[in-house]
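Following: one structure in structure tokens, then a few remarks.
There are 2 protein chains.
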Amino acid sequence: MTSDDVIPAPLRRLWRLPESSRLGRPAALDVDRIVAAAVEIADRDGLGGVTLPKVAESLGFTGMSLYRHVGSKDELLTLMADHALGAPPDLDTDDWRDGLREWAYAQRAVLQRRPWLTRVPTSGPPSGPHQIAWMEVALKIMSRTRLDWANKVGALMLISGYVVQSVRQYRELAEGRAEGQGQADAERDYGRAMARLVDPARFPETARLFSSMLFEAPPPDTPNTEIADADFSLGLELILDGVAVRIGP
Amino acid sequence: MTSDDVIPAPLRRLWRLPESSRLGRPAALDVDRIVAAAVEIADRDGLGGVTLPKVAESLGFTGMSLYRHVGSKDELLTLMADHALGAPPDLDTDDWRDGLREWAYAQRAVLQRRPWLTRVPTSGPPSGPHQIAWMEVALKIMSRTRLDWANKVGALMLISGYVVQSVRQYRELAEGRAEGQGQADAERDYGRAMARLVDPARFPETARLFSSMLFEAPPPDTPNTEIADADFSLGLELILDGVAVRIGP
DNA sequence: GGACAAAGTATCAGACATATACTAATGCCG
DNA sequence: CGGCATTAGTATATGTCTGATACTTTGTCC
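Chains as they are written, first to last, in our numbering: chain A, 1 to 249; chain B, 1001 to 1249.
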């Protein structure tokens, strides 16, 4: 008789709280199967391929059937995001910096495997069980520091946002020049086009940036992933430096 | 006879490169008017209110007419984003830290005025004239530092991403409990619901976080904007600390 | 003045989210 | 053992959207 009643329906579904009644026709469908099917489609066809008719069809039902289990398409996306995120790794490190770094890399690995996750329109702060589980890991990593809650949450959201942004950016560049031989070439094409548009008189610094991108290309035998890793690491360590300043000795 | 030809059409439109030919029927419509009308609608009704038919109607044309000037709806969104961002402020500071801080706050002000900007699906790295102009300002601010390009761009993207994320988060929380007396209350509602769901046995740290959110509420006479400003400043200064480490003395 | 080329329009197809009203299946109570 | 309340899934329909295609209009240039 805990007052679960006050918990809104979308949250109840997100946390898979059991639906009380056992009356009426039993359900052949449930939230889990719907979400799993939707995620499978997203993995295959991207987020754009996920529509209620297609998800239902892949399960052998009509489009409307989903509305018995999922309030709306937006809610389905939220459910998918939490499901696809999955459980966090167990990170038991004494060193907060190593811990947060591993946490970030783990999150990055998930997003790289499911790029569509970076495009799910986030609605509100973390609220799904997996999101909370990841949050818990990060908070535990920081638990020995003297940071207050605001700083912990701030750091955590900052890292998380950075990971999403950087994975998305990388994917977009890579997809931009579709099949164009990976990211390095796409970056060159981008630089070339921009170098034509950016007038050095109006945008001196930016113009120098773009020409440096064209001329100071990395050695051609460097694998794309190494470039991306280096860029990612750069920003991440910058954030961690910032956290370190806050934590002190 | 510069080879503008190689610049793809979407970029030509984004930079308003003049269309060469003067043959045929003269255009009553142009990219600028379309984009301005679309932005006006977005300002009024949000991003969801922007559809090609509605934009065209507001100009007294049929929906299909827009396709003569804008390749697709996605492209229109890109055009809108750059237009709505507007020109950056002139920030002439010797101190890079003050400069970047002002830059971030200026960007935040723009996004707060047009929250839909935080939800435009970004496609690719900055490429519009206004985006480049903002970039130029940030690069100029950092020009006296000894940072290399990768670090400058990294810092700049990091700050920019942080601003977007934090404005969006704030707006979502505020809208979440619609008309519910602003952000502070919404945050309380969120905390209350989560406190019920987060099992202290499985998520000890997170549970403590949520209960602290409920009990350590800020003094009730604190204006919402002050809380938001404090949160924003926290993350921003953290990033700037990280940049400072990179720059050195 | 007439051919031409581009602008704007009309019509159309294919999807999609979602409301409403309907049919079907099941457990419970009598 | 039967029927009813209750819930699951379905059928149908509406309004909307993006974008394709083909047509009409309106200027310019020879």
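Here a beta-carbon is modelled for each residue, glycine too, at the ideal position from N, C-alpha and C. Nothing here was measured: the structure is a model prediction, and the numbers come from that model.
Going along the chain, which residues of its own chain have a beta-carbon closer than 7 angstroms to the beta-carbon of residue i, five neighbours each way excluded?
i: residue 158 (chain A); result: 239
i: residue 1058 (chain B); result: 1037, 1041
i: residue 133 (chain A); result: 87, 88
i: residue 1062 (chain B); result: 1056
i: residue 1094 (chain B); result: none
i: residue 91 (chain A); result: 99, 102, 103, 137, 141
i: residue 127 (chain A); result: 11, 14
i: residue 1198 (chain B); result: 1206, 1207, 1210
i: residue 160 (chain A); result: 107
i: residue 1073 (chain B); result: 1052
i: residue 1195 (chain B); result: 1210, 1211, 1214
i: residue 1105 (chain B); result: none
i: residue 249 (chain A); result: none
Thinking C-alpha only, which one of the options is nearest residue i?
i: residue 136 (chain A); options: A:146, A:188, A:124, A:153; result: A:153
i: residue 1112 (chain B); options: B:1085, B:1186, B:1070; result: B:1085
i: residue 1138 (chain B); options: A:151, A:25, A:206; result: A:206
i: residue 260 (chain A); options: A:44, A:245, A:35; result: No answer is possible for residue 260 (chain A): the residues shown for chain A start at 1 and end at 249.
i: residue 30 (chain A); options: A:197, A:196, A:64, A:68; result: A:68
i: residue 14 (chain A); options: B:1243, B:1170, B:1193, B:1026; result: B:1193
i: residue 1088 (chain B); options: B:1141, B:1131, B:1120; result: B:1131
i: residue 47 (chain A); options: A:8, A:72, A:83, A:114; result: A:114
i: residue 241 (chain A); options: A:198, A:97, A:79; result: A:97
i: residue 11 (chain A); options: A:222, A:218, A:125, A:155; result: A:125
i: residue 151 (chain A); options: B:1103, B:1236, B:1060, B:1142; result: B:1236
i: residue 1043 (chain B); options: B:1118, B:1149, B:1023; result: B:1118
i: residue 1208 (chain B); options: B:1222, B:1220, B:1191; result: B:1191
i: residue 143 (chain A); options: B:1204, B:1121, B:1224, B:1172; result: B:1204
i: residue 243 (chain A); options: A:123, A:24, A:148; result: A:148
i: residue 225 (chain A); options: A:234, A:170, A:200; result: A:170
i: residue 1045 (chain B); options: B:1110, B:1028, B:1116, B:1083; result: B:1116
i: residue 1083 (chain B); options: B:1173, B:1105, B:1110; result: B:1110
i: residue 123 (chain A); options: B:1026, B:1007, B:1172, B:1123; result: B:1172
i: residue 187 (chain A); options: A:28, A:220, A:27; result: A:220
i: residue 60 (chain A); options: A:32, A:78, A:28; result: A:28
i: residue 32 (chain A); options: A:7, A:234, A:8, A:78; result: A:78
Excluding five sequence neighbours on each side, which residues of the same chain lie with their C-beta closer than 6 angstroms to the C-beta of residue i?
i: residue 1107 (chain B); result: 1163
i: residue 232 (chain A); result: 166
i: residue 156 (chain A); result: 138
i: residue 4 (chain A); result: With a pLDDT of 49 at residue 4 (chain A), under the threshold of 50, the predicted position of this residue should be treated as unreliable, though the coordinate-derived value follows. Nothing meets the Cβ criterion.
i: residue 129 (chain A); result: 15
Going by beta carbon distance, what residues of the same chain come within less than 8 angstroms of residue i, once the five residues before and after it are set aside?
i: residue 1076 (chain B); result: 1034, 1035, 1038, 1050, 1052, 1055, 1066, 1070
i: residue 230 (chain A); result: none
i: residue 1022 (chain B); result: none
i: residue 1080 (chain B); result: 1035, 1038, 1039, 1042, 1050, 1120
i: residue 1024 (chain B); result: none
* To do: Pick out the complete beta strand (DSSP E) segments inside the stretch 1143-1212 of chain B, 3 residues or longer, and give them in chain order.
  => none
* Between the stretch 231-249 of chain A and chain B, which residues of the former have CB atoms less than 9 angstroms from a CB of the latter, in chain order? -> 231, 234, 235, 237, 238, 239, 240, 241, 242, 243, 244, 245, 246
* **Cβ pair count under 8 angstroms reaching 3, the stretch 202-219 of chain A against the stretch 1010-1020 of chain B** => no
* Quick one: which residues of the stretch 1197-1213 of chain B get their C-beta closer than 7 angstroms to a C-beta of chain A? List them in chain order. => Listed by position along the chain: 1197, 1198, 1203, 1205, 1206, 1209, 1212.
* **Against chain A: residues of the stretch 1092-1118 of chain B by CB proximity under 9 angstroms** => none
* Where are the alpha helix (DSSP H) runs, 4 residues long or more, that stay fully inside the stretch 77-135 of chain A, in chain order? -> 96-113
* To do: Report the residues of the stretch 1015-1045 of chain B with a CB closer than 9 angstroms to any CB of chain A, ordered along the chain.
  => 1015, 1017
* Any residues in the stretch 1153-1165 of chain B with a beta carbon nearer than 8 angstroms to a beta carbon of chain A? Which ones, in chain order? -> Cβ contacts with chain A come from 1153, 1154, 1155, 1157, 1158, 1161, 1162, 1165.
* To do: Check each residue of the stretch 130-147 of chain A: if its Cβ is closer than 8 angstroms to any Cβ of chain B, include it; give the result in chain order.
  => 132, 133, 135, 136, 139, 140, 143
* Asked: Between the stretch 1045-1065 of chain B and chain A, which residues of the former have a C-beta closer than 7 angstroms to a C-beta of the latter?
  -> none
* Asked: Listed in chain order, which residues of the stretch 216-230 of chain A have Cβ atoms closer than 7 angstroms to some Cβ of chain B?
  -> none
* To do: Give, in chain order, every residue of the stretch 69-88 of chain A whose Cβ lies closer than 9 angstroms to some Cβ of chain B.
  => Listed by position along the chain: nothing, the set is empty.
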